[in-house]
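In order, the protein sequence lines correspond to chains C and H.
Per this note's numbering, the first sequence starts with residue 1, numbered consecutively.
Per this note's numbering, the second sequence starts with residue 1, numbered consecutively.
Built from N, CA and C at the ideal position, the CB exists for glycine as well.
On a predicted model such as this, the values are computed, not experimentally measured, just so you know.
Structure first, then comments.
There are 2 protein chains.
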Amino acid sequence: MHLTTEHKELLDQAMERNGLRATRQREQVFSVLLQKRDHPTADEVFQRVRAEMDSISLATVYNCLEVLVESRLIRQVNFEREPTRYCPNLTQHAHFYCNQSNSVIDVDLPLDVSQQLKALLPAGFEVDHIEVAFNGCSHQQTR
Amino acid sequence: MHLTTEHKELLDQAMERNGLRATRQREQVFSVLLQKRDHPTADEVFQRVRAEMDSISLATVYNCLEVLVESRLIRQVNFEREPTRYCPNLTQHAHFYCNQSNSVIDVDLPLDVSQQLKALLPAGFEVDHIEVAFNGCSHQQTR
DNA sequence: ATATTTAATTAGAATAATTCTAATTATAAG
DNA sequence: CTTATAATTAGAATTATTCTAATTAAATAT
Numbered sequence: 001m002h003l004t005t006e007h008k009e010l011l012d013q014a015m016e017r018n019g020l021r022a023t024r025q026r027e028q029v030f031s032v033l034l035q036k037r038d039h040p041t042a043d044e045v046f047q048r049v050r051a052e053m054d055s056i057s058l059a060t061v062y063n064c065l066e067v068l069v070e071s072r073l074i075r076q077v078n079f080e081r082e083p084t085r086y087c088p089n090l091t092q093h094a095h096f097y098c099n100q101s102n103s104v105i106d107v108d109l110p111l112d113v114s115q116q117l118k119a120l121l122p123a124g125f126e127v128d129h130i131e132v133a134f135n136g137c138s139h140q141q142t143r
Numbered sequence: 001m002h003l004t005t006e007h008k009e010l011l012d013q014a015m016e017r018n019g020l021r022a023t024r025q026r027e028q029v030f031s032v033l034l035q036k037r038d039h040p041t042a043d044e045v046f047q048r049v050r051a052e053m054d055s056i057s058l059a060t061v062y063n064c065l066e067v068l069v070e071s072r073l074i075r076q077v078n079f080e081r082e083p084t085r086y087c088p089n090l091t092q093h094a095h096f097y098c099n100q101s102n103s104v105i106d107v108d109l110p111l112d113v114s115q116q117l118k119a120l121l122p123a124g125f126e127v128d129h130i131e132v133a134f135n136g137c138s139h140q141q142t143r
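Listed below in structure tokens is the structure:
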């Protein structure tokens, strides 16, 4: 486990705030997501965590991911009906799905652009969240 | 079945173009989507088609929907892990998911806005499709 | 520290949307 | 009208995810 002091505190505070416990499993799952900043599925997270904590179960990984998403420490991203992926990038951003490498790349989404998107809505619409997803080819290595 | 002559021709041409057949089932599924312009799931389409063609199977509905999507006569829309929904609105638009009514509302997406979104991408990224999804409350009746 | 309460983890079963399979039927072409 | 090809059908299979009930760990009170 290689959670930095800052990330450990971030987790502790988030758990505290929500009346939840900062268990070893939750630390591990959070740590794994921070270590390799790609967009792994629950199963990929499971594989990575198991390398260091072989007793963990898939159900626990799902539980940890759910808790981290609800505590807003990570984000959940969906593309069509593919397995849900998880990412620790909390800055506002869009996702680019590369058909070729089957990978996801974060794309910065400036505040003024998301404001413009919100402006498209009729009066009375309240927005929680905007998802912008590009689909195409990035001509990049998988990452 | 109430396909207008224009829609019937649209279907025939699309099938022709792709070396596929314009079967009764495909006509029915297309018709049902055009009749009530909401965002039904495959199962809802199945229910509606069955009212007029009780021998159709769910597998066929899935097949028809897939063919119509591939022929670009309808669009497929996904929200998180919910069942895929289908819509016959082919004009460029975004989707608003209302948490309260659990319905989807089309939102116009002007060309200049989608151009702006494309401009966010690094050089060399080729875009097939952009999905913009809002999530929140529309304070509307279900539709 | 130890006992008690409460929450989290675990393995495996259950669920649900979708896809696959193999047999049958419909459509188009010769 | 025959043949070839594609589509439909019912039901089984698949797969990501959630649920269940028992066990274990963490926090709190004694």
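Based on the DSSP secondary-structure assignment, which residues constitute the bridge partners of residue i?
i               : result
V77 of chain C  : C:R85
V132 of chain C : H:V132
V107 of chain H : H:A94
V127 of chain H : C:G136
Have a look at residue i and residue j and give me their C-alpha separation to the nearest angstrom.
i               : j               : result
I56 of chain H  : R48 of chain H  : 11 Å
H129 of chain C : N135 of chain H : 5 Å
H39 of chain H  : K8 of chain H   : 21 Å
R81 of chain H  : A42 of chain C  : 14 Å
N63 of chain C  : H95 of chain H  : 29 Å
P88 of chain C  : L73 of chain H  : 37 Å
L58 of chain H  : F46 of chain H  : 6 Å
V69 of chain C  : L117 of chain C : 24 Å
S144 of chain C : H2 of chain H   : Not covered by the structure: residue 144 of chain C. The range shown for chain C is 1 to 143.
T142 of chain C : R50 of chain C  : The pLDDT assigned to T142 of chain C is 48, lower than 50, so where the model puts this residue is not dependable; a value taken from the coordinates is nonetheless given after this. Distance between the alpha carbons of T142 of chain C and R50 of chain C: 23 Å.
R26 of chain H  : T91 of chain H  : 21 Å
Q140 of chain C : Y97 of chain H  : 33 Å
Q35 of chain C  : P122 of chain H : 25 Å
F30 of chain H  : R17 of chain C  : 50 Å
D54 of chain C  : L109 of chain C : 38 Å
L65 of chain H  : R75 of chain H  : 9 Å
Check the C-beta distance from residue i over to residue j and give it rounded, since I have them as a contact under 8 Å.
i               : j               : result
L20 of chain H  : V61 of chain H  : 16 Å between Cβ atoms; not a contact.
L120 of chain C : V113 of chain H : 7 Å
Y86 of chain H  : L33 of chain H  : 6 Å
V104 of chain H : V77 of chain H  : 7 Å
> What are the start and end residues of each continuous alpha helix (DSSP H) run of 4 or more residues lying completely inside the stretch 22-81 of chain C, in chain order?
Replying inline: 24-35, 42-50, 58-70
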